[in-house]
Every structure is written in C-alpha cells, then in structure tokens.
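Asker: First to last, the protein sequences are chains A and B.
Here the first sequence is numbered in our numbering, starting from 172 and rising by one per residue.
Here the second sequence is numbered in our numbering, starting from 172 and rising by one per residue.
Just so it is clear, CB atoms sit at the ideal spot from N, CA and C, and this is done for glycine as well.
Please read these numbers as outputs of a predicted model, since none were measured by experiment.
Let me give you the structure first, and then I'll get to my questions.
Protein chains: 2
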Amino acid sequence: MPDGRTIADYVETAVETGAFSGEETAVLEEILGDCLNNPQTTYVLLDAVEDGRVEGFVFFGRTPMTRCCWDIYWIAVRSHRQGRGLGGQLLEKAERYIRGRDGSGVVRIETSTRSEYDAARRVYERQGYREAGRIPGFYGQGDDLVIYYREIR
Amino acid sequence: MPDGRTIADYVETAVETGAFSGEETAVLEEILGDCLNNPQTTYVLLDAVEDGRVEGFVFFGRTPMTRCCWDIYWIAVRSHRQGRGLGGQLLEKAERYIRGRDGSGVVRIETSTRSEYDAARRVYERQGYREAGRIPGFYGQGDDLVIYYREIR
Chain A
172 MPDGRTIADY VETAVETGAF SGEETAVLEE ILGDCLNNPQ TTYVLLDAVE DGRVEGFVFF
232 GRTPMTRCCW DIYWIAVRSH RQGRGLGGQL LEKAERYIRG RDGSGVVRIE TSTRSEYDAA
292 RRVYERQGYR EAGRIPGFYG QGDDLVIYYR EIR
Chain B
172 MPDGRTIADY VETAVETGAF SGEETAVLEE ILGDCLNNPQ TTYVLLDAVE DGRVEGFVFF
232 GRTPMTRCCW DIYWIAVRSH RQGRGLGGQL LEKAERYIRG RDGSGVVRIE TSTRSEYDAA
292 RRVYERQGYR EAGRIPGFYG QGDDLVIYYR EIR
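Here you go:
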C-alpha cells in the first residue's frame, strides 16, 4: 500500500464511485487487509492522490500459473472525476509497472456488460484493450461477462 | 476433502497425470492445505476412487462476486485412465453438485491451447462446453488461453 494511506481511504473511494456493490466492497477490504499482512503478496495497488485524498486507484496482480499475464481486478475513480481521463491514466500506470517488471506481457480485464460499466468499457477500449469473448449470464440473469485483454510490449 | 483421503493422495494423482507442472503441483498442494484448515472454504473437491486409490479428481469453486458462476480449476485423471470417460464423469459429478446447490448456473473452464491439452479440450466439448474466447500468449509465448463455459439448468 502506498505510504501514508490506509485501507479505509481505498474503501471510501470505492464506495464513493457508486460502482462497487456491498459484497465487492467487503472483498476489497478483506483483500487489502491480506496484502498488508503478507509481504509476499503478488497484488499491486497504485493510486492517484490529490490534496491528500485518493481520487482513484487500480488494483492488479500477476495471474497465477502464467509467465507474463496480469489481471486488473479493480479500477475505481471518484464520481466527480469520472469521464475525465483518470481511469485511463490509472490503467497506463499499471501497464508501466508491468512493463517495468516483466518487459512485456498480457493484461486481462474482466467486467460486466451492464450499463453501469459502459463508461469503464469505453476506457478499456480507448486504451487499446480488445474483447476476447463473453460468457452469457455469468454475473447473474442477463448480466454477461466480457473479457478484455491487451498485449504489452 | 473426502473422508479417509489425504492431500498427498491428490498431489500424487496430479503428478501421475503428467499434465501438472511443478508450479501447478505446488499451488494445488498449498490450496488443498488452505481448504483443510478453513471450514468456510468455497472450494469443492470430488474424486473417483477405485481399490482405495484416487484415479481422478475435480477441483472447483464458486466464482467470487458472481451469483451463480463456478470455475473448474483442475480436472486430473491418472494416465492409464485417460481417454476412457473418467474426465467427463468427473465433470458431470461437479455439475450435479452445482445443480444441487444452486439449481442452475454457469460453469467456466480456462485452459491452454497447447497440444498436451487436446484431449482435455475434447472432453469439455463433448460435455457441451462452448468456447467463449481466447487470449493470445496468455500462458507464455505461443501458449494461448481458451475459455470454455456451459450453462447448467
């Protein structure tokens, strides 16, 4: 976790986005807690801070049992900053980190086809992510999974 | 874990299949250990035993933050039983379990396009799994991810 920030800062940011369900927020809190207590964690948390406040963050990690694949688990951007490029900047930050670690690789993002995620999917597409496929009803009735990926060189 | 069996039984079965890398075997051993020590685990292990020996197993679990999706993480079948229907039977066993728990749902299997997995992919396809998509170079150079799914009713 970046210096000087607490789990509560990220949880509060996630809640404020309006995109995290109660269950997702609980999972985020639990995973951030696990990361803090595990120096061997393979998860990475990068953020955008302004005037001491976390405006957004990206949480990602190396995909187990792959050589060079990374999964982006969450990108969160406070509501007043949405649609103004911060999501793309956080994604670029994650990609720079991955390039710095592995030189090249594949980044995967899984998301929902629900309309709440329209803006997020546009960010991925603008950032060069391509759709790998979909699974109907994955998250629930009428709520499909869409899988994006990008090769990093 | 089914009564009377030990982690070592499953690890030995996995090694004997010839399909598990050293890293995968280590991850399997670690996860089975975590499951034993965590009564709240959401992972499920079902097996096929003959004359007291584990001939194959399937390891799966509910996909976090979905209502009704399950991921099949591993299906292992001893080499002398491969190509004789046991993989399909284990998959059916997992599906019966899921149907019993949730009534209906979506099952996902992620695997590699490498030729070592040709037979496994044929098992999935025969069992009614459809390809959702692929990610090039996911597991490594020239080693793509292929994602299968099946709706269970």
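On a CA-only basis, which of I323/B, V317/B and G227/B is nearest I269/B? Give me that one, please.
Answerer: In the second sequence, the residue the question calls residue 269/B occupies position 98. When each option's Cα is compared against that of I269/B, the closest is I323/B.
Asker: Would a check of beta-carbon distances place I318/A closer than 8 Å to chain B?
Answerer: If you number the first sequence from 1, residue 318/A lands on position 147. Yes, contact with chain B.
Asker: If you follow the alpha helix (DSSP H) that R238/A is part of, which residue opens it and which one closes it?
Answerer: Locating residue 238/A in the first sequence gives position 67, counting from the first residue. Element bounds for R238/A: n/a, residue is neither H nor E.
Asker: Report the neighbours of G308/B on chain A: residues whose CB is nearer than 7 Å to its CB, in chain order.
Answerer: On the second sequence, residue 308/B is found 137 positions in, with the first residue counted as 1. In chain order: V277 and E322.
Asker: Distance cutoff 8 Å, beta carbons only. Does P313/B sit that close to anything in chain A?
Answerer: Reading the second sequence from its first residue, position 142 is the one you call residue 313/B. A quick correction: the sequence has Gly, not Pro, at residue 313/B. So no, G313/B is outside the interface.
Asker: On the DSSP letters alone, give me the boundaries of the alpha helix (DSSP H) that T188/A sits inside.
Answerer: Along the first sequence, one-based indexing puts residue 188/A at 17. I178 to T188 is the extent of the alpha helix (DSSP H) around T188/A.
Asker: Take the Cβ of T213/B as the centre, count every other Cβ of all protein chains shown within 10 Å, and call the residue buried at 16 or more, exposed below.
Answerer: Sequence index remark: in the second sequence, residue 213/B carries index 42 (1-based). Looking at its Cβ environment, which holds fewer than 16 other Cβ atoms inside 10 Å, T213/B is exposed.
Asker: Under the three-state reduction of DSSP, which class applies to R292/A: helix, strand or coil?
Answerer: Within the first sequence, the letter at position 121 stands for residue 292/A. Helix.
Asker: Between L262/B and the rest of its own chain, which residues show a CB-CB distance below 8 Å, the 5 nearest in sequence each way excluded?
Answerer: Locating residue 262/B in the second sequence gives position 91, where the first residue counts as 1. Correct list, in chain order: V229, I243, I246, V294, Y295 and Q298.
Asker: Shorter than 8 Å from the beta carbon of P235/B to some beta carbon of chain A?
Answerer: One-based indexing of the second sequence puts residue 235/B at position 64. Yes, its Cβ sits closer than 8 Å to a Cβ of chain A.
Asker: Answer with buried or exposed for T237/B, where buried requires no fewer than 16 other C-beta atoms within 10 angstroms of its C-beta.
Answerer: Taking the second sequence and counting its residues from 1, one reaches residue 237/B at position 66. So T237/B ends up on the buried side.
Asker: Give me the chain A residues within the contact set of R238/B, using Cβ-Cβ distance strictly less than 7 Å, ordered along the chain.
Answerer: Here residue 238/B is taken as the residue at index 67 of the second sequence, counted from 1. Under the 7 Å cutoff, chain A gives Y310 and G311.
Asker: Tell me which residues share the same chain as R233/A and place their Cβ nearer than 6 Å to its Cβ, disregarding the 5 neighbours each side in the sequence.
Answerer: Looking up residue 233/A in the first sequence gives position 62. Correct list, in chain order: T213 and W241.
Asker: In angstroms with no decimal places, state the Cα-to-Cα distance between R249/B and F231/A.
Answerer: Indexing the second sequence from 1 puts residue 249/B at position 78. Indexing the first sequence from 1 puts residue 231/A at position 60. When rounded, the distance between both Cα atoms is 35 Å.
Asker: Would you say A303/B lies against chain A (beta-carbon separation less than 8 Å)?
Answerer: Walking along the second sequence from the start, residue 303/B turns up at place 132. So, interface residue.
Asker: Would a C-beta distance cut-off of 8 Å place L217/B and A265/B closer than the cut-off?
Answerer: By one-based count along the second sequence, residue 217/B stands at place 46. By one-based count along the second sequence, residue 265/B stands at place 94. In this structure, A265/B lies closer than 8 Å to L217/B by Cβ.
Asker: Return yes when the C-beta of E201/B is under 7 Å from any heavy atom of the ligand PLP, and no when it is not.
Answerer: By its list of ligands, the structure shown contains no ligand whatsoever, and the ligand PLP lies outside what it can speak to.
Asker: Using a Cβ cut-off of 8 Å (strictly closer), state whether D226/B contacts chain A.
Answerer: Taking the first residue of the second sequence as 1, we reach residue 226/B at position 55. Before going on, a small fix: residue 226/B reads as Glu here, not Asp. Answer no: the Cβ-Cβ gap between E226/B and chain A never drops below 8 Å.
Asker: Rounding to the nearest angstrom, what Cα-Cα distance links G258/B and A291/B in this structure?
Answerer: Taking the second sequence and counting its residues from 1, one reaches residue 258/B at position 87. Taking the second sequence and counting its residues from 1, one reaches residue 291/B at position 120. Distance between the alpha carbons of G258/B and A291/B is about 8 Å.
Asker: Counting along the chain, where does the beta strand (DSSP E) carrying Y214/A start and finish?
Answerer: Here residue 214/A corresponds to residue number 43 of the first sequence, with the count starting at 1. That run of the beta strand (DSSP E) goes Y214 to E221.
Asker: Indicate the three-state DSSP secondary structure (helix, strand or coil) for R305/A in the structure shown.
Answerer: What you label residue 305/A is simply residue 134 of the first sequence in a count that begins at 1. In the structure shown, R305/A sits in a strand (DSSP, three-state: E or B).
Asker: What is the DSSP secondary structure of Y300/A, reduced to helix, strand or coil?
Answerer: The residue labelled residue 300/A in the question sits at position 129 within the first sequence. It is coil, neither helix nor strand.
Asker: Evaluate contact between the region 304 to 320 of chain B and the region 271 to 291 of chain B, counting only Cβ atoms and requiring at least three cross-stretch pairs below 8 Å.
Answerer: With the cut-off at 8 Å, the region 304 to 320 of chain B and the region 271 to 291 of chain B touch.
Asker: Go ahead and pull the three-state DSSP assignment for G258/B.
Answerer: Counting from one through the second sequence, the residue named residue 258/B turns up at place 87. Three-state result, G258/B: helix.
Asker: If you measure beta-carbon to beta-carbon, which residues of the region 261 to 294 of chain B are closer than 8 Å to chain A?
Answerer: So the close ones are V277 and R279.
Asker: If you measure from the beta carbon of E194/B to each beta carbon in chain A, is any gap under 8 Å?
Answerer: To locate residue 194/B, count along the second sequence from 1; it is residue 23. Yes, contact with chain A.
Asker: When Cβ atoms are compared, which residues of the region 195 to 217 of chain B fall closer than 9 Å to chain A?
Answerer: Flagged, chain order: E195 and V198.
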